[in-house]
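Sequence positions in the sequence shown follow the working numbering and run 17 to 391. Cβ atoms here follow ideal geometry from the backbone N, Cα and C, with glycine treated the same way. Computed from a predicted structure; not experimentally measured.
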Amino acid sequence: MIPPGKTIGVLGGGQLGRMLAQAATRLGYRVHIYEPQAGCPAGAVAHKEVNAAYDDLAALTAFARECDVVTYEFENVPAGPLKAIEAIAPLHPHWSVLATCQNRSREKNWLKQGGFPHARFAEVAAGGDIAAGIREVGLPCVVKTADFGYDGKGQVKVRDEAGIAAAQTAFAAQACVIEQWIDFACEVSVVMARSAKAAIRVFPLVENIHTNHILDFSIVPARVAPEITAAAEKMARLIAEKIGLVGVMGVEMFVTRDGRVLVNELAPRTHNSGHYTIDACATSQFEQQVRAICGLPLGDTRLLSPVVMVNILGDAWAAGEPKWEVLLAEPSVRLHLYGKADPRPGRKMGHFTLTSRDADMALGLAQKIKARLPG
(Lines of atoms letter the chains of each structure in order from A; the text may use other names.)
(Lines give C-alpha, C1' and ligand atoms only; values in the text may rest on other atoms or scores of the structure.)
Protein backbone atom coordinates (compact mmCIF):
# COMPACT_ATOMS: atom_id res chain seq x y z
CA MET A 17 0.00 0.00 0.00
CA ILE A 18 1.14 3.54 -0.79
CA PRO A 19 -0.46 5.55 2.04
CA PRO A 20 -1.61 9.17 2.08
CA GLY A 21 1.32 11.55 2.45
CA LYS A 22 3.27 9.86 -0.36
CA THR A 23 3.76 11.33 -3.84
CA ILE A 24 1.76 10.44 -6.95
CA GLY A 25 3.33 11.28 -10.31
CA VAL A 26 1.00 12.02 -13.22
CA LEU A 27 2.14 12.01 -16.85
CA GLY A 28 0.04 14.60 -18.68
CA GLY A 29 -1.20 17.97 -17.50
CA GLY A 30 -4.74 18.27 -18.87
CA GLN A 31 -8.09 18.38 -17.13
CA LEU A 32 -8.05 14.69 -16.21
CA GLY A 33 -4.75 15.22 -14.40
CA ARG A 34 -6.18 18.33 -12.75
CA MET A 35 -9.21 16.51 -11.34
CA LEU A 36 -7.01 13.57 -10.32
CA ALA A 37 -4.69 15.95 -8.45
CA GLN A 38 -7.65 17.53 -6.67
CA ALA A 39 -8.94 14.13 -5.56
CA ALA A 40 -5.49 12.94 -4.47
CA THR A 41 -4.82 16.11 -2.49
CA ARG A 42 -8.09 15.67 -0.59
CA LEU A 43 -6.87 12.23 0.43
CA GLY A 44 -3.59 13.71 1.67
CA TYR A 45 -1.24 12.80 -1.19
CA ARG A 46 1.31 15.04 -2.86
CA VAL A 47 1.01 15.26 -6.65
CA HIS A 48 3.73 15.93 -9.21
CA ILE A 49 2.78 16.62 -12.84
CA TYR A 50 5.01 15.84 -15.86
CA GLU A 51 3.90 17.78 -18.92
CA PRO A 52 5.77 19.19 -21.95
CA GLN A 53 3.75 22.44 -21.97
CA ALA A 54 4.31 24.90 -19.12
CA GLY A 55 1.38 26.32 -17.18
CA CYS A 56 -0.90 23.32 -17.68
CA PRO A 57 -4.31 22.89 -15.99
CA ALA A 58 -3.09 20.07 -13.75
CA GLY A 59 0.08 21.88 -12.74
CA ALA A 60 -1.96 24.76 -11.34
CA VAL A 61 -3.37 22.52 -8.57
CA ALA A 62 -0.37 20.20 -8.03
CA HIS A 63 2.57 20.42 -5.66
CA LYS A 64 5.12 20.37 -8.49
CA GLU A 65 5.09 20.70 -12.28
CA VAL A 66 7.92 19.37 -14.43
CA ASN A 67 8.06 20.52 -18.07
CA ALA A 68 10.02 18.22 -20.37
CA ALA A 69 9.44 16.01 -23.40
CA TYR A 70 8.02 12.56 -22.78
CA ASP A 71 11.03 10.97 -24.49
CA ASP A 72 13.54 12.90 -22.34
CA LEU A 73 14.76 9.89 -20.38
CA ALA A 74 16.92 11.91 -18.00
CA ALA A 75 14.03 14.18 -17.01
CA LEU A 76 11.56 11.28 -16.86
CA THR A 77 13.90 9.25 -14.66
CA ALA A 78 14.47 12.17 -12.29
CA PHE A 79 10.71 12.70 -12.09
CA ALA A 80 10.07 9.03 -11.28
CA ARG A 81 12.67 9.07 -8.49
CA GLU A 82 10.63 11.72 -6.68
CA CYS A 83 7.39 9.69 -6.91
CA ASP A 84 6.08 6.68 -5.02
CA VAL A 85 3.76 5.67 -7.87
CA VAL A 86 3.26 6.99 -11.42
CA THR A 87 0.15 7.05 -13.59
CA TYR A 88 -0.92 8.84 -16.78
CA GLU A 89 -3.96 10.90 -17.74
CA PHE A 90 -4.12 10.37 -21.50
CA GLU A 91 -3.02 7.83 -24.11
CA ASN A 92 -0.63 9.93 -26.17
CA VAL A 93 2.24 9.46 -23.76
CA PRO A 94 4.70 7.24 -25.70
CA ALA A 95 4.86 3.83 -24.06
CA GLY A 96 8.49 3.13 -24.97
CA PRO A 97 10.20 5.52 -22.52
CA LEU A 98 7.95 4.29 -19.70
CA LYS A 99 9.75 0.94 -19.73
CA ALA A 100 12.78 2.80 -18.38
CA ILE A 101 11.02 4.02 -15.24
CA GLU A 102 9.07 0.93 -14.17
CA ALA A 103 12.06 -0.25 -12.10
CA ILE A 104 12.18 3.13 -10.31
CA ALA A 105 8.52 3.60 -9.35
CA PRO A 106 5.40 1.48 -9.89
CA LEU A 107 3.54 2.49 -13.06
CA HIS A 108 -0.23 1.93 -13.17
CA PRO A 109 -1.76 1.00 -15.52
CA HIS A 110 1.28 -0.87 -16.85
CA TRP A 111 3.00 0.51 -19.94
CA SER A 112 1.91 -2.58 -21.90
CA VAL A 113 -1.75 -1.63 -21.32
CA LEU A 114 -1.00 1.85 -22.64
CA ALA A 115 0.82 0.41 -25.68
CA THR A 116 -2.21 -1.70 -26.56
CA CYS A 117 -4.81 1.04 -26.15
CA GLN A 118 -2.96 3.97 -27.73
CA ASN A 119 -2.79 2.35 -31.16
CA ARG A 120 -6.03 1.41 -32.92
CA SER A 121 -4.51 -1.51 -34.80
CA ARG A 122 -3.14 -3.10 -31.65
CA GLU A 123 -6.36 -2.36 -29.78
CA LYS A 124 -8.62 -3.88 -32.45
CA ASN A 125 -6.45 -6.97 -32.75
CA TRP A 126 -6.41 -7.37 -28.95
CA LEU A 127 -10.22 -7.26 -28.92
CA LYS A 128 -10.39 -9.72 -31.81
CA GLN A 129 -7.97 -12.16 -30.18
CA GLY A 130 -9.87 -11.91 -26.89
CA GLY A 131 -13.18 -12.71 -28.55
CA PHE A 132 -14.79 -9.37 -27.66
CA PRO A 133 -17.48 -8.26 -30.15
CA HIS A 134 -16.45 -5.27 -32.25
CA ALA A 135 -16.99 -3.70 -35.67
CA ARG A 136 -15.43 -5.40 -38.68
CA PHE A 137 -12.12 -3.72 -39.55
CA ALA A 138 -9.13 -3.74 -41.89
CA GLU A 139 -5.61 -2.43 -41.40
CA VAL A 140 -3.60 -0.44 -43.94
CA ALA A 141 0.10 0.34 -43.48
CA ALA A 142 1.48 3.81 -44.17
CA GLY A 143 1.56 4.25 -47.93
CA GLY A 144 -0.75 1.26 -48.42
CA ASP A 145 -3.90 0.85 -50.51
CA ILE A 146 -6.63 2.52 -48.46
CA ALA A 147 -9.16 2.02 -51.25
CA ALA A 148 -8.63 -1.75 -51.09
CA GLY A 149 -9.09 -1.68 -47.33
CA ILE A 150 -12.34 0.25 -47.67
CA ARG A 151 -13.69 -2.22 -50.21
CA GLU A 152 -12.76 -5.09 -47.90
CA VAL A 153 -14.78 -3.58 -45.04
CA GLY A 154 -17.57 -2.15 -47.22
CA LEU A 155 -19.40 1.18 -47.37
CA PRO A 156 -20.20 3.12 -45.30
CA CYS A 157 -17.12 2.93 -43.10
CA VAL A 158 -14.80 5.09 -40.99
CA VAL A 159 -11.12 5.58 -41.81
CA LYS A 160 -9.03 6.37 -38.72
CA THR A 161 -5.34 6.98 -38.17
CA ALA A 162 -3.81 4.18 -36.12
CA ASP A 163 -2.19 6.68 -33.75
CA PHE A 164 -3.05 9.98 -32.03
CA GLY A 165 -6.78 10.26 -32.69
CA TYR A 166 -9.36 11.61 -30.24
CA ASP A 167 -12.58 13.67 -30.27
CA GLY A 168 -13.09 12.95 -33.96
CA LYS A 169 -9.58 14.05 -34.95
CA GLY A 170 -7.77 11.80 -37.40
CA GLN A 171 -10.88 10.11 -38.77
CA VAL A 172 -13.42 10.50 -41.55
CA LYS A 173 -16.61 8.72 -42.54
CA VAL A 174 -16.59 7.37 -46.10
CA ARG A 175 -20.00 7.01 -47.74
CA ASP A 176 -19.31 6.68 -51.50
CA GLU A 177 -16.71 6.42 -54.27
CA ALA A 178 -15.83 10.10 -54.02
CA GLY A 179 -15.14 9.60 -50.35
CA ILE A 180 -12.82 6.68 -51.10
CA ALA A 181 -10.64 8.86 -53.32
CA ALA A 182 -10.58 11.66 -50.75
CA ALA A 183 -9.60 9.26 -47.94
CA GLN A 184 -6.83 7.75 -50.07
CA THR A 185 -5.35 11.21 -50.54
CA ALA A 186 -5.84 12.43 -46.98
CA PHE A 187 -4.45 9.34 -45.22
CA ALA A 188 -1.88 8.19 -47.78
CA ALA A 189 1.17 8.66 -45.56
CA GLN A 190 -0.35 7.23 -42.38
CA ALA A 191 -1.07 3.80 -40.98
CA CYS A 192 -4.85 3.44 -40.74
CA VAL A 193 -7.63 1.30 -39.38
CA ILE A 194 -10.80 1.10 -41.47
CA GLU A 195 -13.90 0.22 -39.47
CA GLN A 196 -17.36 -0.85 -40.53
CA TRP A 197 -19.92 1.90 -39.90
CA ILE A 198 -22.28 0.82 -37.10
CA ASP A 199 -25.83 2.17 -37.36
CA PHE A 200 -26.18 2.12 -33.59
CA ALA A 201 -29.22 2.69 -31.42
CA CYS A 202 -27.08 4.50 -28.84
CA GLU A 203 -23.56 4.80 -27.49
CA VAL A 204 -22.74 3.76 -23.94
CA SER A 205 -19.64 3.54 -21.78
CA VAL A 206 -18.49 1.72 -18.69
CA VAL A 207 -15.99 3.31 -16.32
CA MET A 208 -14.46 0.84 -13.88
CA ALA A 209 -11.48 0.27 -11.64
CA ARG A 210 -9.40 -2.80 -10.87
CA SER A 211 -6.92 -3.12 -8.03
CA ALA A 212 -3.63 -5.00 -7.95
CA LYS A 213 -5.47 -7.66 -5.90
CA ALA A 214 -7.96 -8.07 -8.81
CA ALA A 215 -10.90 -6.41 -7.05
CA ILE A 216 -13.16 -4.70 -9.59
CA ARG A 217 -15.71 -1.93 -9.06
CA VAL A 218 -17.91 -0.78 -11.94
CA PHE A 219 -19.61 2.61 -12.06
CA PRO A 220 -23.19 2.84 -13.42
CA LEU A 221 -23.57 2.51 -17.18
CA VAL A 222 -23.48 5.83 -19.05
CA GLU A 223 -25.48 6.76 -22.17
CA ASN A 224 -23.51 9.19 -24.34
CA ILE A 225 -24.62 11.70 -26.96
CA HIS A 226 -21.91 13.07 -29.26
CA THR A 227 -22.03 16.19 -31.43
CA ASN A 228 -19.42 16.57 -34.17
CA HIS A 229 -17.59 13.54 -32.71
CA ILE A 230 -17.15 15.24 -29.31
CA LEU A 231 -18.99 14.04 -26.22
CA ASP A 232 -21.86 16.43 -25.56
CA PHE A 233 -24.14 14.83 -22.94
CA SER A 234 -23.63 11.85 -20.63
CA ILE A 235 -26.83 10.48 -19.09
CA VAL A 236 -26.86 8.26 -16.00
CA PRO A 237 -28.43 5.82 -15.55
CA ALA A 238 -28.32 4.88 -19.22
CA ARG A 239 -31.79 4.58 -20.73
CA VAL A 240 -31.34 1.02 -21.98
CA ALA A 241 -32.84 -2.37 -21.14
CA PRO A 242 -31.46 -4.16 -18.04
CA GLU A 243 -29.98 -6.91 -20.21
CA ILE A 244 -27.95 -4.31 -22.16
CA THR A 245 -26.57 -2.90 -18.90
CA ALA A 246 -25.69 -6.39 -17.67
CA ALA A 247 -23.96 -7.32 -20.94
CA ALA A 248 -21.94 -4.09 -21.05
CA GLU A 249 -20.81 -4.38 -17.44
CA LYS A 250 -19.87 -8.05 -17.82
CA MET A 251 -17.83 -7.29 -20.93
CA ALA A 252 -16.01 -4.42 -19.20
CA ARG A 253 -15.09 -6.66 -16.26
CA LEU A 254 -13.69 -9.30 -18.59
CA ILE A 255 -11.64 -6.67 -20.44
CA ALA A 256 -10.17 -5.36 -17.19
CA GLU A 257 -9.19 -8.87 -16.10
CA LYS A 258 -7.75 -9.94 -19.45
CA ILE A 259 -5.68 -6.80 -20.00
CA GLY A 260 -4.36 -6.85 -16.42
CA LEU A 261 -5.65 -3.41 -15.50
CA VAL A 262 -4.53 -1.70 -12.31
CA GLY A 263 -6.24 1.67 -12.24
CA VAL A 264 -9.29 3.11 -13.97
CA MET A 265 -10.45 2.39 -17.53
CA GLY A 266 -13.25 3.66 -19.75
CA VAL A 267 -14.75 1.24 -22.27
CA GLU A 268 -16.76 2.86 -25.07
CA MET A 269 -19.44 0.69 -26.70
CA PHE A 270 -22.13 0.72 -29.36
CA VAL A 271 -25.59 -0.71 -28.74
CA THR A 272 -26.93 -1.94 -32.07
CA ARG A 273 -30.56 -1.73 -33.12
CA ASP A 274 -30.92 -5.48 -32.66
CA GLY A 275 -29.65 -5.31 -29.08
CA ARG A 276 -26.01 -6.34 -29.43
CA VAL A 277 -23.20 -4.58 -27.51
CA LEU A 278 -19.99 -3.92 -29.47
CA VAL A 279 -16.74 -2.56 -28.04
CA ASN A 280 -15.58 0.61 -29.77
CA GLU A 281 -12.52 1.90 -27.87
CA LEU A 282 -10.59 1.42 -24.63
CA ALA A 283 -9.17 4.28 -22.56
CA PRO A 284 -6.83 3.15 -19.74
CA ARG A 285 -7.45 6.21 -17.55
CA THR A 286 -10.29 8.27 -16.17
CA HIS A 287 -12.85 9.07 -18.86
CA ASN A 288 -14.81 12.13 -19.96
CA SER A 289 -18.07 10.21 -19.56
CA GLY A 290 -17.17 9.46 -15.93
CA HIS A 291 -17.05 13.08 -14.77
CA TYR A 292 -20.57 12.74 -13.38
CA THR A 293 -19.15 10.56 -10.61
CA ILE A 294 -17.69 13.62 -8.84
CA ASP A 295 -21.16 14.93 -8.00
CA ALA A 296 -23.43 11.88 -8.22
CA CYS A 297 -21.56 8.85 -6.88
CA ALA A 298 -20.33 7.83 -3.46
CA THR A 299 -16.77 7.75 -4.86
CA SER A 300 -15.58 9.72 -7.89
CA GLN A 301 -13.64 8.07 -10.72
CA PHE A 302 -10.64 10.24 -9.75
CA GLU A 303 -10.60 9.15 -6.12
CA GLN A 304 -11.06 5.59 -7.38
CA GLN A 305 -7.97 5.91 -9.57
CA VAL A 306 -5.96 7.05 -6.55
CA ARG A 307 -7.29 4.14 -4.50
CA ALA A 308 -6.52 1.62 -7.26
CA ILE A 309 -2.95 2.71 -8.04
CA CYS A 310 -2.05 3.15 -4.35
CA GLY A 311 -3.37 -0.21 -3.21
CA LEU A 312 -6.16 1.22 -1.07
CA PRO A 313 -9.59 -0.50 -0.88
CA LEU A 314 -11.71 0.47 -3.88
CA GLY A 315 -14.54 2.86 -3.09
CA ASP A 316 -18.31 2.50 -3.30
CA THR A 317 -19.60 3.18 -6.83
CA ARG A 318 -23.29 3.64 -5.97
CA LEU A 319 -25.22 6.26 -7.92
CA LEU A 320 -26.69 8.76 -5.45
CA SER A 321 -28.93 10.54 -7.97
CA PRO A 322 -29.82 10.44 -11.68
CA VAL A 323 -27.48 12.91 -13.39
CA VAL A 324 -26.49 14.44 -16.72
CA MET A 325 -22.98 15.69 -17.48
CA VAL A 326 -22.54 18.38 -20.16
CA ASN A 327 -19.23 19.33 -21.76
CA ILE A 328 -18.53 23.06 -22.10
CA LEU A 329 -16.48 23.75 -25.23
CA GLY A 330 -14.62 26.87 -26.28
CA ASP A 331 -17.50 27.63 -28.63
CA ALA A 332 -19.42 28.98 -25.61
CA TRP A 333 -17.04 31.99 -25.62
CA ALA A 334 -17.64 32.85 -29.31
CA ALA A 335 -19.65 36.00 -28.48
CA GLY A 336 -18.04 36.84 -25.15
CA GLU A 337 -17.96 35.46 -21.62
CA PRO A 338 -20.54 32.68 -21.10
CA LYS A 339 -23.59 33.49 -19.01
CA TRP A 340 -22.49 31.73 -15.84
CA GLU A 341 -25.38 33.25 -13.92
CA VAL A 342 -27.83 31.24 -16.07
CA LEU A 343 -26.06 28.03 -15.17
CA LEU A 344 -25.41 28.75 -11.50
CA ALA A 345 -28.96 29.96 -10.82
CA GLU A 346 -30.07 26.31 -11.02
CA PRO A 347 -29.56 24.75 -7.55
CA SER A 348 -28.96 21.25 -8.92
CA VAL A 349 -26.07 22.33 -11.18
CA ARG A 350 -22.39 21.93 -10.33
CA LEU A 351 -19.82 23.74 -12.50
CA HIS A 352 -16.28 22.47 -13.13
CA LEU A 353 -13.89 24.68 -15.15
CA TYR A 354 -10.44 23.43 -16.14
CA GLY A 355 -8.35 26.61 -15.93
CA LYS A 356 -7.58 26.82 -19.65
CA ALA A 357 -6.85 30.33 -20.91
CA ASP A 358 -7.61 29.92 -24.61
CA PRO A 359 -11.25 28.96 -25.39
CA ARG A 360 -10.77 27.60 -28.91
CA PRO A 361 -13.75 26.09 -30.77
CA GLY A 362 -14.08 22.40 -29.94
CA ARG A 363 -11.72 22.63 -26.97
CA LYS A 364 -13.01 21.19 -23.69
CA MET A 365 -12.97 24.08 -21.24
CA GLY A 366 -15.09 22.55 -18.49
CA HIS A 367 -18.28 20.68 -17.75
CA PHE A 368 -21.34 20.90 -15.59
CA THR A 369 -23.51 18.27 -13.99
CA LEU A 370 -27.21 18.45 -13.24
CA THR A 371 -28.93 16.06 -10.87
CA SER A 372 -32.65 15.34 -10.83
CA ARG A 373 -35.16 12.68 -9.79
CA ASP A 374 -34.97 10.99 -13.21
CA ALA A 375 -32.60 11.01 -16.17
CA ASP A 376 -35.07 12.39 -18.73
CA MET A 377 -35.88 15.36 -16.53
CA ALA A 378 -32.18 16.03 -15.95
CA LEU A 379 -31.42 15.86 -19.69
CA GLY A 380 -34.25 18.23 -20.64
CA LEU A 381 -33.15 20.88 -18.16
CA ALA A 382 -29.46 20.45 -19.02
CA GLN A 383 -30.19 20.98 -22.72
CA LYS A 384 -32.10 24.20 -21.98
CA ILE A 385 -29.29 25.56 -19.78
CA LYS A 386 -26.60 24.69 -22.32
CA ALA A 387 -28.53 26.49 -25.07
CA ARG A 388 -28.63 29.68 -22.96
CA LEU A 389 -25.00 29.52 -21.81
CA PRO A 390 -23.08 31.13 -24.72
CA GLY A 391 -22.26 34.83 -24.27
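Just to confirm, are residue i and residue j a CB contact at a threshold of 8 angstroms?
i    : j    : result
H367 : H291 : yes
T369 : R350 : yes
G311 : Q304 : no
E203 : H226 : yes
F233 : A95  : no
V236 : P133 : no
V193 : A241 : no
D71  : P97  : yes
R239 : E249 : no
V93  : L261 : no
A58  : N67  : no
V324 : L379 : yes
A40  : G355 : no
A105 : G29  : no
G391 : R360 : no
V158 : I146 : no
L282 : E51  : no
G33  : E89  : yes
L231 : N327 : yes
G266 : S300 : no
V264 : A308 : yes
W111 : K128 : no
K258 : G130 : yes
E195 : A115 : no
P284 : C56  : no
V140 : P156 : no
A62  : A37  : yes
L319 : A345 : no
F270 : I198 : yes
In terms of alpha-carbon separation, which member of the options lies closest to residue i?
i    : options                   : result
L107 : F79, Q129 and A375        : F79
M35  : E346, L319, I294 and M325 : I294
D374 : G362, E123 and S348       : S348
A212 : P313, T23, A332 and L329  : P313
A298 : Q118, L344, G130 and V218 : V218
F164 : R120, W126 and E51        : R120
L76  : C56, A62, D176 and A103   : A103
F137 : M377, G131, G154 and G130 : G154
T272 : R307, A201 and L231       : A201
V342 : A135, K386, W126 and L231 : K386
M365 : T116, H352 and V174       : H352
G275 : R285, A247, P19 and F302  : A247
W333 : I244, G362 and P156       : G362
P19  : D376, R42 and L319        : R42
M17  : V306, D176, H63 and L344  : V306
G143 : T185, T23 and N280        : T185
T317 : N280, I244 and R210       : R210
T87  : D176, A357, F302 and T371 : F302
N280 : G21, W126, L73 and K384   : W126
Pull up the DSSP beta-bridge partners for residue i, would you.
i    : result
Q171 : K160
K258 : None; K258 has no bridge partner.
E268 : S205 and E281
L379 : Answer is none; L379 lacks a bridge partner.
I385 : For I385, which the question treats as bridged, DSSP gives no partner whatsoever.
F368 : V326 and L351
L32  : Its beta-bridge partners do not exist; DSSP assigns none.
T23  : R46
G263 : R210
Contact the stretch 251-259 vs the stretch 181-198: 3+ CB pairs below 8 angstroms: no
Any beta strand (DSSP E) of 3 or more consecutive residues that is wholly inside the stretch 297-350: 323-329
contact_flag[the stretch 68-85, the stretch 46-53] where n(CB pairs < 8 angstroms) is 3 or more: yes
Cβ pair count under 8 angstroms reaching 3, the stretch 336-345 against the stretch 205-212: no
Uninterrupted alpha helix (DSSP H) stretches inside the stretch 102-168 (no shorter than 4 residues): 111-117, 120-130 and 146-153
Meets three-Cβ-pair contact criterion under 8 angstroms: the stretch 173-187 and the stretch 147-155: yes
Contiguous beta strand (DSSP E) assignments of at least 3 residues, all confined to the stretch 192-249: 192-196, 200-210, 216-218, 222-227 and 230-236
Complete beta strand (DSSP E) runs within the stretch 39-105 (minimum length 3 residues, chain order): 46-50, 64-66 and 85-88
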